[in-house]
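Going by the working numbering, the sequence shown opens with residue 50, and the numbers climb by one from there. Just so you know, even glycine gets a beta-carbon here, dropped at the ideal spot from N, CA and C. The block underneath contains the structure these notes are about, expressed in structure tokens.
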Amino acid sequence: MHAEQPLALPASLWAATATPAPAYASAKGDAVADIAIVGAGYTGLSTALHLAQAGKKVIVVEASEPGWGASGRNGGQIIAGLKHDPDKLEAKFGQALGSAITRTFGAGGDLVFDIIEKYGIDCHAERTGWIQGAHGPGPFSDIVTPRFRQWRARGVEARLLDTGEMAGLTGSAPGAYHGGWFDPRGGVLQPLSYARGLAAAAMSRGATILARSPALGLRRDGDGWRLDLGQGSVRARQVVLATNAYTGNLWPGLRQTVIPVTSFQIATHPLAPSVRKTILPGGQGVADTRRLLLYFRLDHEGRLVMGGRSPVDDNPTMDDAAPLKAALARIFPQAAGAPVEFVWSGKVAITKDTMPHIHILAPGLFTALGCNGRGVAACTTTGKLLADLALGTAPADLPFPVTAPDRYALHALRKVGVFAFSQYYRLLDSRSAA
């Protein structure tokens, strides 16, 4: 997160129910590290953990606290793979690299659960699988079925769900979804607790995390780099920028490579037991095929959590919950009367090709950003890839492309563009649902 953002942890379901944060350090004087990391979300914390495991002296600087951004506000769904299907990745990047990307990000759930188990992270993680629902017959035939077949062909014990099976697994109204597919690699967790657990794991391996220590400047310092923190500085041979949707102006032009899009969520009060047992009895996370997708799950205390595009940019109120409450009532009529307890929002970084991007900005300066809404598994995986780069893996040997930054044209008009595309996508979603 960059220095312009507020320091207070925003109110949300996850902030209210997370495990306590570990004791973080704060900037004071001048510090020296092998590698400095800016940003303590999943990407930065995973990078720190993997570097610390390799014996490197790591310092993470964060303007607020670990999990302040999207890592502490997302839907807590663990989704294997990327937005692009395996066949498309192989067509775009070639058989060898495309297959390597598919294997690496397809195993993202394994990486998350392995870290949770190894470090005993208390984040209510459940490997219950993930479901993608088709919001109409067109998306079922054009998106869901090919995706299911491609992963099935690569050894995933996936299942294609017809309309009745989809309603049975989710507890949704019979006509809410025209089938879907089930991916056993996925699951759910408490996202802020996971971020805090990653931070504690990295600290247990010797990493230092400086909270409320915004990076105010970055410059070359001999054969390394210097981060100015206001109350001190960090000098390091290498620096990793892991600020994603909250990227500021620390490195010229970097923030113009992503569009921050606001995602909005609501959570009901814990459902009555008679209602709770009818909704997602298997505990899966669900997202659908809409361009302006809906996603939902139960939390560990039985609240129904639903998310989608935000009607406001930041700081939503209960009055802003009306569209999601209407969607909840339509999909789960048995929960239509459940009062909403929490509303919150956060930023998702969208890239031009809806792929994560890894860049070497200068010698010893690395970054990755743009998980496009699949942050839990994808950012954890990307952090490991960044650590491999910093440890000396040649870019050509990484199972993911290292590219030059690609800026959005007319980035300053991004809010107007996001609104226009949202209206267009809403029209397309309504047509494809028919």
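Burial state of residue i, where buried means 16 or more other Cβ atoms lie within 10 Å
| i | result |
| --- | --- |
| V110 | buried |
| D348 | buried |
| N293 | buried |
| A469 | Because A469 sits at a pLDDT of 41, beneath the cut-off of 50, its placement in the model cannot be relied upon, and the point is left open. |
| T219 | buried |
| K77 | exposed |
| R423 | buried |
| L462 | A caution first: L462 carries a pLDDT of 42, below 50, which makes its placement in the model too unreliable to give a value. |
| P115 | buried |
| K167 | exposed |
| M252 | buried |
| L56 | exposed |
| A445 | exposed |
| T188 | First, the amino acid is wrong: residue 188 is Pro here, not Thr. Flag for P188 reads buried. |
| A411 | exposed |
| S282 | buried |
7 Å Cβ shell around residue i - same chain, five flanking residues per side excluded
| i | result |
| --- | --- |
| G229 | I180, Q181, G182, A183, V193, L210 and M215 |
| G351 | P319, L320 and R325 |
Rounded straight-line distance, which links the Cα of residue j to that of residue i
| i | j | result |
| --- | --- | --- |
| R176 | D232 | 10 Å |
| A426 | A436 | 16 Å |
| F449 | T429 | 14 Å |
| R325 | A82 | 49 Å |
| G297 | G224 | 44 Å |
| G90 | H227 | 36 Å |
| Q305 | R456 | 5 Å |
| R269 | V389 | 50 Å |
| A398 | S262 | 23 Å |
| H99 | A375 | 43 Å |
| T68 | Q144 | 43 Å |
| G125 | G331 | 16 Å |
| Y295 | F197 | 33 Å |
| A156 | K396 | 25 Å |
| S205 | P71 | Ser is not the amino acid found at residue 205; the sequence shown has Val there. Those two C-alpha atoms are separated by around 37 Å. |
| W300 | P365 | 30 Å |
| A285 | A453 | 23 Å |
| F154 | T92 | 14 Å |
| L329 | F345 | 10 Å |
| G186 | A207 | Note that residue 186 is Pro in the sequence shown here, rather than Gly. If I take the Cα positions, the gap works out to 20 Å. |
| S113 | A439 | 25 Å |
| L373 | D337 | 14 Å |
Extent of the continuous alpha helix (DSSP H) to which residue i belongs
| i | result |
| --- | --- |
| W63 | L62 to T66 |
| W117 | Neither: W117 is in no alpha helix (DSSP H) and is coded neither H nor E. |
| I150 | Q144 to G155 |
| R268 | Looking at the DSSP string, R268 is not in any alpha helix (DSSP H); the run it does join, the beta strand (DSSP E), is G266 to D270. |
| A375 | A371 to I380 |
| R325 | P322 to R325 |
| Y344 | Not the alpha helix (DSSP H): Y344 falls in the beta strand (DSSP E), residues Y344 to L347. |
| W200 | T194 to A202 |
| P240 | P240 to S253 |
| G424 | G424 to A439 |
Beta-carbon proximity list for residue i, same chain, < 8 Å, skipping 5 on both sides
| i | result |
| --- | --- |
| P382 | A222 |
| I170 | I164, S242, Y243, G246, L247, A249 and A250 |
| D363 | T311 and S394 |
| L278 | A76, V110, L259, S262, P263, A264 and L265 |
| M404 | L131, K132, H133, G419 and N421 |
| R379 | A222 and A225 |
| A140 | G147 |
| R152 | P448 |
| L62 | Q314, A316, D348, R352, V354, E390, F391 and W393 |
Endpoints, the beta strand (DSSP E) within which residue i is located
| i | result |
| --- | --- |
| K396 | V389 to I399 |
| H406 | H406 to A411 |
| L210 | R208 to L210 |
| G356 | L353 to R358 |
| D337 | G334 to D337 |
| A285 | G281 to L290 |
| R275 | G273 to D277 |
| F313 | I308 to T317 |
| L56 | Note, L56: premise wrong, no beta strand (DSSP E); not H, not E. |
Nonlocal neighbours in the same chain, by C-beta distance under 6 Å from residue i, ignoring five residues either side
| i | result |
| --- | --- |
| V289 | I86, T96, F415 and L435 |
| I127 | G158, V161, G235, G236, V425 and A426 |
| A60 | none |
| D136 | Q199 |
| C172 | L238, Q239, S242, Y243 and G246 |
| N123 | P240 and G424 |
| A174 | I165 and L238 |
Complete runs of the beta strand (DSSP E) confined to the segment 69–143 [at least 3 residues]: 78–87 and 107–110
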